[in-house]
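Asks: This structure is in structure tokens; I'll ask about it shortly.
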Amino acid sequence: MDKGVAMEDVPYARIVREGWVLIAILALAGTVAGWGITRALPPTYGATSTLMLQVDSSQSSLFERNQFSLARVKTYPALVDSPEVIDGVREDLGLDRDEYSDATLRQMLSAENTEDTVLLRIRADAPTPELAKDLANSSARHLSDLLESTENSERDGQYVLELQQVLPASAPQSPDSPQVAAITGLGLIGGLALGAIIAVYRTTTRRKLLTISDVRKASGLPVFGQVARFHRTGGREDRTAMVTLQDALENITALGGSARSLYLVVPASEAALEDEVLAGLLEAHASLGSTACVVDLRARPSTGEGARSWTEVLDPAARSEVAGSHREPHFYVKGDSAGAARLASTVPPAIEVLRKEHDVVIVVCDSGSSGLQEKLVGLGARTIISVRRDATRATELLTTVTRLRVMNIHPIGVLMTHVPRGALENVAESWRTNDGKTLDDPGRDAWTTASLDLLSRGGDPDRSHRGARALLG
Numbered sequence: 066m067d068k069g070v071a072m073e074d075v076p077y078a079r080i081v082r083e084g085w086v087l088i089a090i091l092a093l094a095g096t097v098a099g100w101g102i103t104r105a106l107p108p109t110y111g112a113t114s115t116l117m118l119q120v121d122s123s124q125s126s127l128f129e130r131n132q133f134s135l136a137r138v139k140t141y142p143a144l145v146d147s148p149e150v151i152d153g154v155r156e157d158l159g160l161d162r163d164e165y166s167d168a169t170l171r172q173m174l175s176a177e178n179t180e181d182t183v184l185l186r187i188r189a190d191a192p193t194p195e196l197a198k199d200l201a202n203s204s205a206r207h208l209s210d211l212l213e214s215t216e217n218s219e220r221d222g223q224y225v226l227e228l229q230q231v232l233p234a235s236a237p238q239s240p241d242s243p244q245v246a247a248i249t250g251l252g253l254i255g256g257l258a259l260g261a262i263i264a265v266y267r268t269t270t271r272r273k274l275l276t277i278s279d280v281r282k283a284s285g286l287p288v289f290g291q292v293a294r295f296h297r298t299g300g301r302e303d304r305t306a307m308v309t310l311q312d313a314l315e316n317i318t319a320l321g322g323s324a325r326s327l328y329l330v331v332p333a334s335e336a337a338l339e340d341e342v343l344a345g346l347l348e349a350h351a352s353l354g355s356t357a358c359v360v361d362l363r364a365r366p367s368t369g370e371g372a373r374s375w376t377e378v379l380d381p382a383a384r385s386e387v388a389g390s391h392r393e394p395h396f397y398v399k400g401d402s403a404g405a406a407r408l409a410s411t412v413p414p415a416i417e418v419l420r421k422e423h424d425v426v427i428v429v430c431d432s433g434s435s436g437l438q439e440k441l442v443g444l445g446a447r448t449i450i451s452v453r454r455d456a457t458r459a460t461e462l463l464t465t466v467t468r469l470r471v472m473n474i475h476p477i478g479v480l481m482t483h484v485p486r487g488a489l490e491n492v493a494e495s496w497r498t499n500d501g502k503t504l505d506d507p508g509r510d511a512w513t514t515a516s517l518d519l520l521s522r523g524g525d526p527d528r529s530h531r532g533a534r535a536l537l538g
């Protein structure tokens, strides 16, 4: 489990919502597997023949005969395994001795005496219904013959015993094993249990941001915009994405107070801000009547066609060549030779140049570029964090927020990208009364103070969010 995600923060409704397909698939797979096992196992049919012990005596009372028969019948179940019975059954049914050895027949035959009765039940288990019936009836006859030949001796004629077959065995209609319903049901239950375990594990250990509530729980920040997913085919889906981008820009002013001309966008994960979203931001600004440019200073910047190198911003000769060329004058990317030191020295003057030419400048940089972030905030930039739905993890967002706050940078909120149309929510309804109130406060908030205190004691900056949470209580 990710250490930054508590088990109790994951509602069961979300586990079911995210994992119901997996649970259903595994339940179906378990059911099919259980049914398949029953098809693979050989069927076994059972047949039962019932005998009753009768005792006759002219010298004993009815009570004595009854007590004698109850005591005597208890010893008869073991006789079903006697050689006389086994050999007689094999001979009656014409069974091959190699296939049906004595040990095999003894496993197929069993007998029991119902307590406090004179009834003896002989059960036969066989691969076919007819063989089961024949085994039960044949063993009953031979056991009765064995009893009469051994119990009714001429020397002791006080009791005459007879085992009479009162309920002959009949061919069973269905096998006793395997039990199809029971095994299939166990497969269904096992599949459901396995699916539930995997769903809980996946949700709690690979927690990805899916909703506005997830963003709030992970970072405490509001979401000011959800950008619908762009599609390569364009059409209705891209029009929806543009509308959501325009709403996001309007929400920035509503949430962050007065409008600013410089924004710092920090992606919380690698795929949190794609070319389509950056191009959409430029188009959305244009539709609202303002000019904007994007400066992508990430280690792996956007590679959209027509993007200009960052080094051209301060190069008058290169800038004069832009007019009439195929290159986009509103999109700049980091050059291969632009190191951290060069960027740190050229950012402030270049930003001022771009501010004179555009109403809004949007700068994108990695979450680990602390030097660039501090310089941009020093120029008055408002900070925005971008996440990608179902791709950015909660811990990635939490780590990004903590790094910024350790540097006394207070983000306005979070922009969630790549949101399916069906998952779009009412962003404004998720805002709280204190959202945006500390944006203009130059002092550090409690989160920042706790994080710095942890770092001063040798904490890991990448894990400082956990210490900050603990210190805040």
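Remember, this note's numbering sits 65 above the position in the sequence shown when you count from 1. Ideal Cβ placement from N, Cα and C applies to all residues, glycine included.
Could you pull the DSSP bridge partners for Ser114 from this structure?
Replies: Ile187, per the DSSP bridge assignment.
Asks: On the criterion of 16 or more Cβ atoms from any shown chain inside 10 Å, does Phe396 qualify as buried, or is it exposed?
Replies: Buried.
Asks: Mapping the DSSP letters down to three states, classify Gly478 as helix, strand or coil.
Replies: It is a strand residue.
Asks: According to DSSP, is Ala372 part of a helix, a strand, or is it coil?
Replies: The answer is coil: DSSP assigns Ala372 none of H, G, I, E or B.
Asks: Taking Cβ positions, are Gln291 and Val492 nearer each other than 8 Å?
Replies: In this structure, Val492 lies closer than 8 Å to Gln291 by Cβ.
Asks: Return the chain-ordered ranges of every alpha helix (DSSP H) run that is complete within the segment 258-332 and spans a minimum of 4 residues.
Replies: With a minimum length of 4 residues, the continuous alpha helix (DSSP H) runs that stay inside the segment 258-332 are 277-284, 301-321.
Asks: Could you tell me the alpha carbon to alpha carbon distance between Ile416 and Ala456, rounded to whole angstroms?
Replies: Going from the Cα of Ile416 to the Cα of Ala456 covers about 31 Å.
Asks: Classify Ala388: buried if its beta carbon has 16 or more other beta carbons within 10 angstroms, exposed otherwise.
Replies: Below a pLDDT of 50, predicted positions are generally treated as unreliable, and Ala388, at 47, falls in that range; the measurement from the model is reported next regardless. Classification of Ala388: exposed, given that the 10 Å Cβ count is below 16.
Asks: Tell me the rounded alpha-carbon separation between Val342 and Phe295.
Replies: If you take the alpha carbons of Val342 and Phe295, they lie about 8 Å apart.
Asks: Count the C-beta pairs between the segment 124-143 and the segment 269-285 that are closer than 8 Å, then say yes if the count reaches three, no if not.
Replies: No, they do not touch.
Asks: Roughly how far, in whole angstroms, is the beta-carbon of Gly256 from the beta-carbon of Ala105, given that I think they are within contact range, below 8 Å?
Replies: 18 Å between Cβ atoms; not a contact.
Asks: Are the beta-carbon atoms of Leu228 and Leu196 separated by less than 8 Å?
Replies: No; because the gap between Cβ atoms is not below 8 Å, this pair is not in contact.
Asks: Whose C-beta lies closer than 8 Å to the C-beta of Lys198 among residues of the same chain, with five residues either side of it excluded?
Replies: Closer than 8 Å at the Cβ level, and outside the excluded window around Lys198, lie Ala112, Ala189, Ala234, Ser235, Ala236, Pro237.
Asks: Return the CA-CA distance between Thr268 and Leu275, expressed in angstroms with no decimal places.
Replies: Roughly 11 Å separates the two Cα atoms.
Asks: State the Cα-Cα distance for the pair Gly508 and Leu362, rounded to the nearest angstrom.
Replies: Low confidence applies to Gly508: its pLDDT is 38, below 50, so where it sits in the model is not reliable enough to give any reading.
Asks: May I ask you to list the residues that DSSP assigns as paired with Ser242?
Replies: For Ser242, which the question treats as bridged, DSSP gives the partners Thr109.
Asks: Going by other Cβ atoms of all chains shown within 10 Å of its Cβ, with 16 needed for buried, is Arg470 buried or exposed?
Replies: By the 10 Å Cβ count, Arg470 comes out buried.
Asks: Going by DSSP in three states, Arg497 sits in which element: helix, strand or coil?
Replies: Coil, per DSSP.
Asks: If you count every other CB in all the chains shown that lies within 10 Å of the CB of Arg162, and 16 or more means buried, which is it?
Replies: Counting Cβ neighbours within 10 Å, Arg162 comes out exposed, since fewer than 16 surround it.
Asks: Would you kindly work out how many angstroms separate the C-alpha atoms of Met472 and Ala446, rounded to a whole number?
Replies: Answer to the nearest angstrom: the Cα atoms are 14 Å apart.
Asks: Grouping DSSP H, G and I as helix and E and B as strand, with all else coil, what is Thr411?
Replies: Residue state, collapsed to three classes: helix.
Asks: Strictly under 8 Å for the Cβ-Cβ distance: is Gly433 near chain D by that measure?
Replies: No chain D is present in this structure, which holds just one protein chain.
Asks: In terms of DSSP beta bridges, what is Leu174 paired with?
Replies: Its beta-bridge partners are Ala189.
Asks: Rounding to the nearest angstrom, what Cα-Cα distance links Val418 and Thr411 in this structure?
Replies: Straight-line Cα distance between these residues: approximately 11 Å.
Asks: What separation, rounded to the nearest whole angstrom, lies between the Cα atoms of Ser214 and Gln119?
Replies: Cα to Cα, Ser214 sits roughly 15 Å from Gln119.
Asks: What is the rounded straight-line gap between the Cα of Ser191 and the Cα of Tyr110?
Replies: One detail in the question is off: residue 191 reads as Ala in this sequence, not Ser. Going from the Cα of Ala191 to the Cα of Tyr110 covers about 5 Å.
Asks: If you measure between the beta carbons of Leu441 and Phe289, is that distance less than 8 Å?
Replies: Not a contact, by the Cβ cut-off of 8 Å.
Asks: Which of the three DSSP states is assigned to Pro507 in this structure?
Replies: Legend: pLDDT at Pro507 = 38, less than 50; position of this residue unreliable, no value from coordinates given.
Asks: According to DSSP, which residues form a beta bridge with Asp550?
Replies: Not covered by the structure: residue 550. The range shown for the chain is 66 to 538.
Asks: Enumerate in chain order the residues of its own chain whose CB-to-CB distance from Lys273 is below 6 Å, with the five nearest sequence positions on each side excluded.
Replies: Once the five neighbours on either side are set aside, the close Cβ partners of Lys273 are Asp455, Arg458.
Asks: What residue from Ser352, Ala349, Glu335 has the CA that sits closest to Arg365's CA?
Replies: It is Glu335.
Asks: On the DSSP bridge assignment, give the partners of Ala357 in chain order.
Replies: BP columns for Ala357 point to Val425.
Asks: Have a look at Ser242, Glu129, Ser175 and flag the residue whose alpha-carbon is nearest the alpha-carbon of Thr103.
Replies: Nearest option by C-alpha distance: Ser242.
Asks: The beta strand (DSSP E) that contains Pro447, what's its start and end?
Replies: The residue asked about is misnamed: residue 447 is Arg in this sequence, not Pro. Element bounds for Arg447: 447-453.
Asks: Classify Val225: buried if its beta carbon has 16 or more other beta carbons within 10 angstroms, exposed otherwise.
Replies: It is exposed - the Cβ of Val225 has fewer than 16 other Cβ atoms within 10 Å.
Asks: Nearest to Ser435 by alpha carbon, out of Asp424, Val426, Thr448?
Replies: For the residues Asp424, Val426, Thr448, the minimum Cα distance to Ser435 belongs to Thr448.
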